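Structure first, commentary second.
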Amino acid sequence: MIERIVKLAIDPSSEEGAAFRDIFAQSRNRIASQPGCHGVHLLESEGHFFTYSMWDSEADLNAYRQSTLFGEVWPKTKALFYDKPQTWTCLKTDSSKV
29 MIERIVKLAI DPSSEEGAAF RDIFAQSRNR IASQPGCHGV HLLESEGHFF TYSMWDSEAD
89 LNAYRQSTLF GEVWPKTKAL FYDKPQTWTC LKTDSSKV
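Residue numbers (our numbering): 29 to 126.
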């Protein structure tokens, strides 16, 4: 299993932040229902949003990134950035529950 973290340069307190919350609310369930996806979460910190998603494999994540859905969601999201996003794709190595 892999976990994907994306730091989005969108200020949660801005108009762009409100627009992104709408985009996320409209697309969250559709993203979570993609093959291999085990869920997607929205986190926020001062000045940034983060998305956190869990996937069976990098192949599943890449299939989503090539999907029509991603082609709809990403351009709308990208238009709201004040800087480049940062991404991390991490292999889950600990399966214990805390």
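Backbone N, C-alpha and C fix where the C-beta goes; we use that ideal spot for every residue, glycine too.
Predicted, not measured: the structure shown is a model, and the values here were computed from it.
Item	Value
Secondary structure of L108, DSSP reduced to three states	coil
The region 29-39 touching the region 105-118, judged by at least three CB pairs closer than 8 Å	yes
Terminal residues of the beta strand (DSSP E) in which S81 lies	H76 to W83
Helix, strand or coil at S55 [DSSP, three-state]	helix
DSSP beta-bridge partners of W116	I33
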